[in-house]
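In order, the protein sequences belong to chains A and B.
Heads up: the first sequence begins at 57 in this note's numbering, then just goes up one per residue.
Heads up: the second sequence begins at 17 in this note's numbering, then just goes up one per residue.
Each residue gets a CB set at the ideal place from its N, CA and C atoms; glycine is no exception.
All values reported here derive from a predicted model rather than from experimental measurement.
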Amino acid sequence: GAVVSQHPSWVICKSGTSVKIECRSLDFQATTMFWYRQFPKQSLMLMATSNEGSKATYEQGVEKDKFLINHASLTLSTLTVTSAHPEDSSFYICSAGASPYEQYFGPGTRLTVT
Amino acid sequence: GQQLNQSPQSMFIQEGEDVSMNCTSSSIFNTWLWYKQDPGEGPVLLIALYKAGELTSNGRLTAQFGITRKDSFLNISASIPSDVGIYFCAGQETSGSRLTFGEGTQLTVNP
């Protein structure tokens, strides 16, 4: 149990285009999901907290108009990187809480912007 | 903001050796979690700790929640090559809240 999936697993896009990443909890419902960004050889950096039925909460320094988050249902949250640029290239990972205390992570999405 | 100091940053050990890594925090957490991340993958939850002083095992892994609520350690016994990866500690202030991650410990196991 407690499986989180992400789609796509990797994506290459051209500068200026938008990319949507999906995060799904497969066998449980999650009112809260989290989106992280990870650069090579670094720890996970929380970008935003996605709340079902309400607006996402963004961490300081994360542009909410650039990283659009939609938590459409109790099993799906999406992150859209708008007008992507090469500096947005990174590994994006989502997590969801199967219980109040445990968070399970998706397999990640590798984004490369050319 | 909160900070988690995780050490060591990296470890190179021989297969069969035991490993210990730890995290300390400047503030109190009510939950400590330990994750392992393989290259190109998301972190996988290894052990969750909920009470100060708690000692929990998962196979060859043992983790403890410090009495002060500001630290935790993870031990791996009799390491094997598949233990290679990055281990992260994470603290959670309250249930359902955001996680604060340590910087990770890169473990290399030589056969």
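Outcome for residue i when other beta-carbon atoms lying within 10 angstroms are tallied against a minimum of 16
{"i": "B:G75", "result": "exposed"}
{"i": "A:G109", "result": "exposed"}
{"i": "B:G32", "result": "exposed"}
{"i": "A:W66", "result": "exposed"}
{"i": "B:F81", "result": "buried"}
{"i": "A:K70", "result": "exposed"}
{"i": "A:I68", "result": "exposed"}
Where the beta strand (DSSP E) through residue i begins and ends
{"i": "A:I77", "result": "75–81"}
{"i": "A:H177", "result": "A question about residue 177 of chain A goes unanswered here, because the residues of chain A that appear run from 57 up to 170."}
{"i": "B:Q30", "result": "26–30"}
Chain B residues whose Cβ lies nearer than 9 Å to that of residue i
{"i": "A:F95", "result": "Near A:F95 there are no residues of chain B at all, since even the closest Cβ is about 12 Å away, more than 9 Å."}
Within chain A, partners of residue i - CB distance below 8 Å
{"i": "B:A64", "result": "Y157, E158"}
CB contact flag (residue i, residue j, <8 Å)
{"i": "A:H141", "j": "A:V118", "result": "no"}
{"i": "A:S146", "j": "A:L167", "result": "yes"}
{"i": "A:S61", "j": "A:V137", "result": "no"}
{"i": "B:E119", "j": "A:S99", "result": "yes"}
{"i": "A:G153", "j": "A:A86", "result": "yes"}
{"i": "A:Q94", "j": "A:M101", "result": "yes"}
{"i": "A:S106", "j": "A:H127", "result": "yes"}
Chain-ordered neighbours of residue i on chain B, where CB pairs are closer than 7 Å
{"i": "A:L102", "result": "R114"}
Chain A residues whose Cβ lies nearer than 7 Å to that of residue i
{"i": "B:G58", "result": "I149, F161, G162, P163, G164"}
{"i": "B:T47", "result": "Y157"}
{"i": "B:S111", "result": "P156, Y157"}
Chain B residues whose Cβ lies nearer than 8 Å to that of residue i
{"i": "A:S99", "result": "F104, F117, G118, E119, G120"}
{"i": "A:T105", "result": "R114"}
contact_flag[the segment 41–53 of chain B, the segment 97–113 of chain B] where n(CB pairs < 8 Å) is 3 or more: yes
Any 3 or more C-beta pairs closer than 8 Å across the segment 21–31 of chain B and the segment 63–78 of chain B: no
Inter-stretch contact at 8 Å, needing at least 3 Cβ pairs: the segment 36–44 of chain B / the segment 90–108 of chain B: yes
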